[in-house]
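**Student:** Can you read through this structure? Questions will come right after.
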Amino acid sequence: MSAARAEVAPPQRGKPLHTPSPRKPIPVMRQVVSDQDGREEVLLKSVDLNRVIKLLEDPLSCNFTERHVRLLRKIVKYYQNGVPLKDLEQLFKILNICAEKVVEQEEFVEPIFEIVKLCGLPFLKAKSSDEIKYAQVVSESISQLGYLMRVPSSQVRMQICATIIRFYSPDTATQPIEGLRPTSNWYKIEMAERGGLAESLVLSLSLFENDLDMKIWVLKALQLLSSSSGTNCNLMIKAHGASTICTRLNDPDPSGQLLFRSSEILWNLLENGSQEELINQLSNLECIHALKGAFGKLLKNGYRHFDHQLRNDLLVIATLIAENPGTAMIESGFAKELILYATFSEVKSHNPLVRAIKLSYTNEDFEMKKLLFNMLVILSRDLPCVQMLSDGKVVLALFHYVKPNEKPGVHDWSAAHFEDLQLHAIATLGTVAHLLVEDYMVCQGNTRLLLFLEWCVGQDQFFGKGNSFHGTGGRGNKRAQMRYCLRLLRAMVSLGDETVNQDLCDQGSISQLLGLLKRTDQGAKEKEDLTVLEIQADILYILSTVCENDLHRKELFGTEGVDLLILLLRMDPNKFYSGIGHNRLILSTLDSVWCCVIGCYTAEDYFLEKEGIFILLDLLLLNQSNMNNVILGILVEFCDNPKTISHLNTWRGNKNQTTAKLLVQLWRQEEDLLGVHHDENRIIDIKKPLVGILQKEQGVIPMSANCPSSAIMDVAENMRAKIYSVFCKLGFEDLPGLEAKDYVTLSVISRYLDFKVGEIWSEISAELAEEGFRPVTPDEEALEVIGKAFENSGKMVASHQATILENKRQQDLQEEQQIYAEMQANHKQNELTVKSWEDFLARTSNFDVLKKAKRLQEKSIESSRPKARPRNGVFHSTQIPGLRTTISYGRTVAVKSTPSEITGGPLADTPLALKRVPIRGGALQKVKSIKMANHSKVYQVSVK
31 MSAARAEVAP
41 PQRGKPLHTP
51 SPRKPIPVMR
61 QVVSDQDGRE
71 EVLLKSVDLN
81 RVIKLLEDPL
91 SCNFTERHVR
101 LLRKIVKYYQ
111 NGVPLKDLEQ
121 LFKILNICAE
131 KVVEQEEFVE
141 PIFEIVKLCG
151 LPFLKAKSSD
161 EIKYAQVVSE
171 SISQLGYLMR
181 VPSSQVRMQI
191 CATIIRFYSP
201 DTATQPIEGL
211 RPTSNWYKIE
221 MAERGGLAES
231 LVLSLSLFEN
241 DLDMKIWVLK
251 ALQLLSSSSG
261 TNCNLMIKAH
271 GASTICTRLN
281 DPDPSGQLLF
291 RSSEILWNLL
301 ENGSQEELIN
311 QLSNLECIHA
321 LKGAFGKLLK
331 NGYRHFDHQL
341 RNDLLVIATL
351 IAENPGTAMI
361 ESGFAKELIL
371 YATFSEVKSH
381 NPLVRAIKLS
391 YTNEDFEMKK
401 LLFNMLVILS
411 RDLPCVQMLS
421 DGKVVLALFH
431 YVKPNEKPGV
441 HDWSAAHFED
451 LQLHAIATLG
461 TVAHLLVEDY
471 MVCQGNTRLL
481 LFLEWCVGQD
491 QFFGKGNSFH
501 GTGGRGNKRA
511 QMRYCLRLLR
521 AMVSLGDETV
531 NQDLCDQGSI
541 SQLLGLLKRT
551 DQGAKEKEDL
561 TVLEIQADIL
571 YILSTVCEND
581 LHRKELFGTE
591 GVDLLILLLR
601 MDPNKFYSGI
611 GHNRLILSTL
621 DSVWCCVIGC
631 YTAEDYFLEK
641 EGIFILLDLL
651 LLNQSNMNNV
661 ILGILVEFCD
671 NPKTISHLNT
681 WRGNKNQTTA
691 KLLVQLWRQE
701 EDLLGVHHDE
711 NRIIDIKKPL
721 VGILQKEQGV
731 IPMSANCPSS
741 AIMDVAENMR
751 AKIYSVFCKL
761 GFEDLPGLEA
771 KDYVTLSVIS
781 RYLDFKVGEI
791 WSEISAELAE
801 EGFRPVTPDE
811 EALEVIGKAF
821 ENSGKMVASH
831 QATILENKRQ
841 QDLQEEQQIY
851 AEMQANHKQN
861 ELTVKSWEDF
871 LARTSNFDVL
881 KKAKRLQEKS
891 IESSRPKARP
901 RNGVFHSTQI
911 PGLRTTISYG
921 RTVAVKSTPS
931 EITGGPLADT
941 PLALKRVPIR
951 GGALQKVKSI
961 KMANHSKVYQ
971 VSVK
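Each residue of the sequence shown is one higher than the last, beginning at 31 in this note's numbering.
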């Protein structure tokens, strides 16, 4: 709020206390010249201020008061157009001397008044650098104005305030002086800030607590100082200005300026100063009492627009104070009054505090109503206030707004105002109602909300304004109302109160919410936004909470609910990170599968029929870290249904990946994240094969018996226990799609429970040693036996893993030898084919054909020479024992055409050309053949 800047007229100087001498005053001669523009400039003669100071301090001249006053008048007249910066230090030294003398000699009041008045004029500088050069002197001089408030003269004090106010009106016109220019407009304000004028001015308030006029003058100055910078505000807070001003809010003041300017200063301190320090300063009982009285007075008696604005400002300050824990809002009675003010228009009250209050339904009253709703939320955080909220019938008052707004204009509020208050009231209920469950049930809250939801999805014409914070996403529709209504229901069912949940189900909420979810899903296909997705997620949460532990409710969820879940689970995975809430929606859907489907055999069977397990495995294949644990938990629960195992074994992912293969990969990924050390997937630490880096670094911390240890917490914090549980249903043998390295990992998975039990026994032994306890001999022997048994289990698994890897290496060697044997047989067949080809050429008399055939033969032999064998993406040659050549393993080249040398040459009419080559699947049948490569073509010739 901007500070009011009223034009302030400085107080008029009173008559001099001493009659001046009857002698004629000596005329002061001023030399006046004109510049090129025609303006007159004054040529000042130098004044020896040091001589004046020496005269004033001379003890021999202490009785020459009249002479001193006359000399000071000359100085004032000399500087009537402004004080040069170079003379400012000496001038303020004269002021301080006069301030000391004024206690005994009142004649010095007038000179002090006039010199202080001069400080309101612009300071003069000879050079531009003078502002920086004399900055220290100027800041110290201006700070002296605050200390001059000690002068026991109302005229001087008012003039000091008027001078400070003139700092913010730099348009004071003065006669230009030759060689001097006024300082910049903000120079004095900056120097006042640097000199700490605001702090000294606050401290001066204690000098005139009973002087209303003087207090208002000081508040005017402080109002401007607090609006200009945060430094001044912090200085005022440091001097306890906030509490000093707040405690005097209710002082008698017919003009009303005291309350107005005090609230303006407090508002400026909130905006520009340290809010935390200010609130701590205002949280005492005395300040809250003052705020309580001022707010109540304005609420009852304020009728002007200005009074309503001031009332709301004080309410904002009270709200900020109430947010500070440990405040005296209850002790002062302010909390009880605020609850009364928040509900008096909705709940009839005979309290005399609100009997005379009437709302005018203006914008200011609308803002006050929202501030009071916000105050209810803040007060609900303090448990002692909960009973006061119940006594004030807050829930009933807020439910007054949970009703259709079908006929704008019937209410005293406008349509836009009522919609905003309606949304704000429902949002407030979302915070308050779960603390007042009994009041909620008495008001039939579930019934009211379900009826309101019916109106939200109805076809009745309604044009939501959507202008407020709570109305986001609800312009032209009822989505905002639906959104906050579902938030309220979500808050109530999350309590786990069976009375509330049973009443909600008795009202038919499950079918109603499923219908609402279906409608919103159909609408979401047209336009997905944050509001729609939040509505869907809240509906799923409510259904999950209500159906979690009740079989009958799961049956009511039924096939209709399963169909909707399947539809949501098929969401495009690219939307998970859209940023508008799809990730929350998919997690809510998975939670609903767990709570609303599992445990009801009819719903489980229908979910399986709809290929729900396949969809879950597809989601698990995406490897989303925030979903994997939930999906595995659902699969573990589903495995109790015998029909699930066949679905798990049937599913295939990318590259024909099986469920077992996917689970093994997730296990390895989880152990990589935990930092479990392996060597080719084999365990290294046979004593602690499951322990990760973090658990090792943490070590063993002795804890009480009711606290879970690190080994126990590890079971709940990662996915390994769930993967083990699924494998217990699938089995650990004859699993399709697994390789040797997978079986190496599977050997650890199969002994997960044994390893975890051994890890817990190791923790027990380590905790006993850490705490310095020695078990009795039988127990100690038992611990040793147990430790050796689990260590042997680790050795056995490591040996089994080594056997699996060795068998894999032997199998690979046998397969390679078998391939080499096949290659040798193929090479011998190639030699026979070449010999047959030479016999054919010997029976041919055509020279061109022989020449071309010879060239083809050379190319064929060249093509049969070794190239590179691709292994693991890299080509290399393999030498076969007994052969001189190196056989090439390359990609097979398809036969594209018959060579023109045969089809179009001299042999075109021969039986050889007419003989059809029998090719089936790329292989020659019952003929001897040879492949001859020619660039990109492969020629295949059959020979009888």
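In this text, a Cβ means the ideal position worked out from N, Cα and C, and glycines have one as well. Please read these numbers as outputs of a predicted model, since none were measured by experiment.
1) Once DSSP output is grouped into helix, strand and coil, what is the label at I716?
2) Check whether the Cβ atoms of D536 and S574 sit closer than 8 angstroms, and answer yes or no.
3) Just to confirm, are L479 and L519 a CB contact at a threshold of 8 angstroms?
4) Quick check: what's the CA-CA separation for R509 versus K605?
5) Whole angstroms is fine: what's the gap from A567's alpha carbon to L516's?
6) May I have the straight-line CA-CA distance separating H612 from V562, to the nearest angstrom?
7) Name the two residues that bound the continuous alpha helix (DSSP H) containing F197.
8) Helix, strand or coil for H677 per DSSP?
9) Can you grab the Cα-Cα spacing for the pair I645 / I616, in whole Å?
10) For I834 and R513, what's the separation of their Cα atoms in angstroms?
11) Compare the Cα-Cα distances from G271 to each of I295, S258, S259, E590 and report the closest residue.
12) Taking only the alpha-carbon atoms, compute the straight-line gap between R614 and Q287 and give it to the nearest angstrom.
13) Tell me which same chain residues have a C-beta within less than 7 angstroms of the C-beta of L693, skipping the five on either side of it?
14) Is the beta carbon of I105 closer than 8 angstroms to that of V82?
15) In angstroms, rounded to a whole number, what distance separates the CA positions of S236 and T261?
16) Please classify V576: is it buried, with 16 or more other beta-carbons within 10 angstroms of its beta-carbon, or exposed?
17) For A269, I'd like the list of residues in its chain whose CB is within less than 7 angstroms of its CB, leaving aside the five on either flank, ordered along the chain.
18) Per DSSP, which one or two residues make a beta bridge with L154?
19) Could you compute how far the alpha carbon of E975 sits from the alpha carbon of E220?
20) Express the C-alpha separation of Y470 and N686 in angstroms, rounding to a whole number.
21) Could you give the residue range of the alpha helix (DSSP H) that holds Y164?
22) Quick check on DSSP: helix, strand or coil for D709?
23) Am I right that P738 and E797 are in contact with their C-beta atoms under 8 angstroms? What's the rounded C-beta distance?
24) Can you say whether M826 is buried or exposed, counting buried as having 16 or more other CB atoms within 10 angstroms of its CB?
25) DSSP three-state call for I207: helix, strand or coil?
26) Just confirm the distance between the C-beta atoms of I369 and L419, as a whole number of angstroms; I'd bet it's less than 8 angstroms.
27) Classify T277 as helix, strand or coil using the three-state DSSP reduction.
28) Does the stretch 310-317 come close enough to the stretch 326-333 that 3 or more CB-CB pairs lie under 8 angstroms?
29) Please name the residue, chosen from N404, E161, P182, D243, that lies closest to K218 on a Cα-to-Cα basis.
30) Is it a yes or a no for the stretch 675-689 touching the stretch 795-811, going by three-plus beta-carbon pairs under 8 angstroms?
31) I'd like to check one pair, A457 with M27: are the Cβ atoms closer than 8 angstroms?
32) Check the Cβ-Cβ distances between E634 and every residue of chain C, and say whether any is below 8 angstroms.
33) Going by CA-CA distance only, name the one from Y607, P282, N280, S258 that's closest to L299.
34) A988 and F668 look like a contact to me (Cβ under 8 angstroms); what is the Cβ gap, rounded to whole Å?
35) Would you call the stretch 765-776 and the stretch 808-821 touching, i.e. three or more CB-CB distances under 8 angstroms?
36) Given that a residue counts as buried once 16 or more other Cβ atoms are within 10 Å of its Cβ, and exposed if not, what is A851?
**Tutor:** So, from the listed chains and residues:
1) coil
2) no
3) yes
4) 22 angstroms
5) 10 angstroms
6) 10 angstroms
7) From DSSP, F197 is part of no alpha helix (DSSP H); its letter is neither H nor E.
8) helix
9) 12 angstroms
10) 58 angstroms
11) I295
12) 54 angstroms
13) I753, V756, F757
14) yes
15) 22 angstroms
16) buried
17) E229, V232, L233
18) P114, P212
19) The requested residue 975 does not occur in the structure, where the chain is confined to residues 31 to 974.
20) 56 angstroms
21) Run containing Y164: none; DSSP gives neither H nor E here.
22) strand
23) P738 to E797, Cβ: 13 angstroms. No contact.
24) exposed
25) strand
26) 6 angstroms
27) coil
28) no
29) E161
30) no
31) Since the displayed the chain opens at 31 and closes at 974, residue 27 lies outside it and no answer follows.
32) Structure shown: chain C not included; a single protein chain is present.
33) S258
34) This structure does not reach residue 988, given that the chain is present from 31 up to 974, and the question cannot be answered.
35) no
36) exposed
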